[in-house]
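Under the UniProt record's numbering, the first residue of the sequence shown is numbered 1, with each subsequent residue one higher. Note that CB positions come from ideal geometry on N, CA and C, so glycine has one too.
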Amino acid sequence: MGLSVSTNCDATELSASLTDGALIEVLELECGEESLQYIEINGLDRTLIDTLVNIKRLDGSIDEILINGNEPRLDLTAATPTVPVYLIIGIEHLLLGFDHILFVIMLLYLVRSSWEIFKVVTSFTIAHSLTLALSAFELVQLSSAPVEAVIAGSIVLLAYENLQKSGSVSKAFPVLVAFGFGLLHGLGFAGAVAEIGLPEESQLIALLLFNIGIELGQLVIIAVVLVLLMVIRLKFIRLLYEAPIYLTGGIASFWFVQRSWQIFAPAIG
1 MGLSVSTNCD
11 ATELSASLTD
21 GALIEVLELE
31 CGEESLQYIE
41 INGLDRTLID
51 TLVNIKRLDG
61 SIDEILINGN
71 EPRLDLTAAT
81 PTVPVYLIIG
91 IEHLLLGFDH
101 ILFVIMLLYL
111 VRSSWEIFKV
121 VTSFTIAHSL
131 TLALSAFELV
141 QLSSAPVEAV
151 IAGSIVLLAY
161 ENLQKSGSVS
171 KAFPVLVAFG
181 FGLLHGLGFA
191 GAVAEIGLPE
201 ESQLIALLLF
211 NIGIELGQLV
221 IIAVVLVLLM
231 VIRLKFIRLL
241 YEAPIYLTGG
251 IASFWFVQRS
261 WQIFAPAIG
């Protein structure tokens, strides 16, 4: 990635590993008589990624701060405001998780009334919150590769169901469909939590903040999609109504093939 860490203290690298696309580097800092004043991620300003800085002091206290390319230098001499970092990560994960966004869009295509939308969204939220928690606390463990492939498959299935004029099981039982696939998507969210980890002293709070962030991001997507659906359901642009379904189905089909290949390619090769 071309990233490096600089600080006012002597830094010794203890370990560095790449886990599920996330670079995790552990450094030991010797500051002598002076305190830790700053940490800077060199090269971060040339990327679009965020860095979660976890500072564990000798007294056992822990600080977790999210920094990005706009401000790659973390100044620790000034009073650092308490930032709900996992809330921000949750929002970003949903807004940048295009497979989850497309699934939510396909869910909204299934229903029409406000009450049905409320029930479907609530069902999906309860389901993915449940499996997210179970996976985060290692009560349910599944490999991320097949989970991601099936998530793509779930989008393809909903796209197909939305094109059916009659006999659609998903349209007949949207709440059950949302709950069932929500359990699956929760495992996908758990993959993001596994990449960044949870602080040992406050796992439950961090997980709760992450999940709230997911819901806030989801509400933004739902609001935007509902406005767009209201517009494209007008008769004079009826043709536009089905266009997103075909586009979503095509993209998700590509993801499904790609992710499935990643599962079986090592065995074939």
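First through last residue of the alpha helix (DSSP H) which encompasses residue 111: Locating residue 111 in the sequence shown gives position 111, counting from the first residue. Unbroken run through residue 111: none, as it is neither H nor E.
Do the CB positions of residue 183 and residue 150 come within less than 8 Å of each other? Working through the sequence shown from its first residue, we reach residue 183 at position 183. Working through the sequence shown from its first residue, we reach residue 150 at position 150. No, these two residues do not count as a Cβ contact at 8 Å.
How should residue 49 be labelled, buried or exposed, when 16 other C-beta atoms within 10 angstroms of its C-beta is the threshold for buried? The sequence position of residue 49 within the sequence shown is 49, counting from 1. Exposed, because fewer than 16 other Cβ atoms sit within 10 Å of the Cβ of residue 49.
Excluding the five sequence neighbours on either side, which residues of its own chain have a C-beta within less than 6 Å of the C-beta of residue 252, listed in chain order? Your numbering for residue 252 matches position 252 in the sequence shown. Correct list, in chain order: 152, 155 and 156.
Backbone CA spacing between residue 56 and residue 165 [nearest angstrom]: Taking the sequence shown and counting its residues from 1, the one referred to as residue 56 is at position 56. Taking the sequence shown and counting its residues from 1, the one referred to as residue 165 is at position 165. Their backbone Cα atoms lie some 58 Å apart in a straight line.
Buried or exposed: which applies to residue 258, given that a residue is buried once 16 or more other Cβ atoms fall within 10 Å of its Cβ? Translated into the one-based positions of the sequence shown, residue 258 becomes position 258. Looking at its Cβ environment, which holds fewer than 16 other Cβ atoms inside 10 Å, residue 258 is exposed.
Do residue 190 and residue 262 have their C-beta atoms closer together than 8 Å? Looking up residue 190 in the sequence shown gives position 190. Looking up residue 262 in the sequence shown gives position 262. No.
With residue 37 and residue 77 assumed to form a contact (beta carbons below 8 Å), what rounded beta-carbon distance in angstroms separates them? Along the sequence shown, read from residue 1 onward, the residue named residue 37 stands at position 37. Along the sequence shown, read from residue 1 onward, the residue named residue 77 stands at position 77. Indeed they touch by this definition, with Cβ atoms about 5 Å apart.
Quick check on DSSP: helix, strand or coil for residue 119? Numbered from 1 along the sequence shown, position 119 holds the residue referred to as residue 119. If DSSP states are grouped into helix, strand and coil, residue 119 belongs with the helices.
Residue 81 by DSSP, collapsed to three states: which one? As a position in the sequence shown, residue 81 is number 81, starting the count at 1. Residue confidence is low: residue 81 scores 43 on pLDDT, short of 50, so the model does not pin down where it sits. Its coordinate-derived value is still stated next. Coil, per DSSP.
Once you ignore the five residues that flank residue 45 on each side, which residues in its own chain have a CB closer than 6 Å to its CB? By one-based count along the sequence shown, residue 45 stands at place 45. Cβ neighbours of residue 45 beyond the five flanking positions: 69 and 72.
Assuming residue 53 and residue 74 are in contact, meaning their beta carbons sit under 8 Å apart, how far apart are those beta carbons, in whole angstroms? Indexing the sequence shown from 1 puts residue 53 at position 53. Indexing the sequence shown from 1 puts residue 74 at position 74. Contact flag correct, Cβ pair sits at about 6 Å.
Could you tell me the distance, in whole angstroms, from the CA atom of residue 232 to the CA atom of residue 42? The sequence position of residue 232 within the sequence shown is 232, counting from 1. The sequence position of residue 42 within the sequence shown is 42, counting from 1. Taking the straight line joining both Cα atoms gives about 46 Å.
If you follow the beta strand (DSSP E) that residue 56 is part of, which residue opens it and which one closes it? In the sequence shown, counting from the first residue as 1, residue 56 sits at position 56. Residue 56 -> beta strand (DSSP E) spans 50–56.
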